[in-house]
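Single-structure report; data block below.
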Amino acid sequence: RDQYWVALSADHGVMPFPEELVKRGHPEARRIFNQAHFAQMERIDAELRTELGLQDSLFVFSDHNGIFLNYAEAQEKGISPPDLRQGIADAVRELDYIADVFTSDELQMEGFSRPFMEAYRRSYVPGRSPDLLIVPNENVLIHTPTGTSHGTPYAYDTHVPVVFLGKPFAAAKYDRRVATVDMAPTLAFLLGIEPTDPVNGVVLEELRPKVQ
């Protein structure tokens, strides 16, 4: 039993139930049913199509994370994709349970930032990610009537443990911010393995003197 090490973490956290958060003193916590959110998206789509004189839906797909857009008819009318993205983002941002909406243009623009934008930049993949990325208010869950989910930039979603267990590791707790990608280079260093290619992450210095 003393011949192995365990390294444990997670790819994300999870939001507590909004109903429980209210009981714990967070009156702003809310559960927005998916159907209600989709109805708002349909309303915004219809209002903008009327305003712009368009017939086809502007949305190819939307959910609580983001929106993929249909540009074809808008471009025929001389509406540029960046202008369309910005107009829809402005409309969605007006919803009282939405903190922000990032367009693909903003996420690819250097030297421009708002709260949480850098986190979204790191996960944005051109051509694969939505055209608009939606940031709900903190403690707001857009989901089904039961259960919970993840995917926001708040601590309950992004704070995960990084645990090392084994005979060489002395019992200790560290509160500084680290990243899950630090685990692989740390284990490689402790095992005397030299990576053959560059890796993300750094060696966790706290563990250097803990291993014999």
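When the letters of the sequence shown are read in order and numbered with my numbering, they come out as residues 6 to 217. Heads up, the beta-carbon is just placed ideally off N, CA and C, and yes, glycines get one too.
> Of all the options P200, G132, A124 and F43, which has the alpha carbon lying nearest to the alpha carbon of A160?
Replying inline: A124
>> Can you tell me where the alpha helix (DSSP H) holding F64 begins and where it ends?
In response: From DSSP, F64 is part of no alpha helix (DSSP H) but of the beta strand (DSSP E) over F64 to S67.
> Residues bridged to F121 by DSSP?
Replying inline: Answer is none; F121 lacks a bridge partner.
> Hey, would you say S14 sits closer than 8 Å to T201, going by beta carbons?
Replying inline: no
> DSSP three-state call for H164: helix, strand or coil?
Replying inline: coil
> Rounded to the nearest angstrom, how far is the Cβ of D162 from that of V19, given a contact under 8 Å?
Replying inline: 7 Å
>> Cutting at 8 Å between CB atoms, please list the residues of its own chain near V140, excluding the five before and the five after it.
In response: I103, A104, D105, V106, F107, F121, Y125, T157 and P158
>> Between E210, A176 and G171, which has its C-alpha nearest Y9's C-alpha?
In response: G171
> I think H42 touches I198, with their Cβ atoms under 8 Å apart; what is that distance to the nearest whole Å?
Replying inline: Not confirmed; about 47 Å, so no contact.
> What residues in its chain sit with their C-beta under 8 Å from that of Q60, if we drop five residues either side in the sequence?
Replying inline: R54 and E78
>> Considering just the uninterrupted stretch of the alpha helix (DSSP H) at T55, what are its terminal residues?
In response: N39 to L57
>> For a test of the three-state rule: what should DSSP assign to R36, helix, strand or coil?
In response: strand
>> Which residue wins for smallest C-alpha separation from K178, given the options V65, L209 and L137?
In response: L209
> Given F169, which residues of its chain have a CB within under 6 Å of its CB, disregarding the five upstream and five downstream residues?
Replying inline: A12
> At what residue ranges does the stretch 65-109 contain a whole run of the alpha helix (DSSP H), taking only runs of 4 or more?
Replying inline: 77-81 and 86-98
> L74 and V65: beta carbons closer than 8 Å?
Replying inline: yes
>> If I measure Cβ to Cβ from P135 and keep anything under 6 Å in the same chain, skipping five residues before and after, which residues do I get?
In response: G71, I72 and F73
> How is the alpha helix (DSSP H) around A189 delimited, first residue to last?
Replying inline: M188 to L195
> V204 and I37 look like a contact to me (Cβ under 8 Å); what is the Cβ gap, rounded to whole Å?
Replying inline: Actually they do not touch by this definition, with Cβ atoms about 39 Å apart.
>> I need the boundaries of the beta strand (DSSP E) containing L4, first residue and last residue.
In response: Since the first and last residues shown for the chain are 6 and 217, residue 4 lies out of range.
> Is DSSP giving L146 helix, strand or coil here?
Replying inline: strand
> From D68 to D95, what does the alpha carbon distance come to, in whole angstroms?
Replying inline: 17 Å
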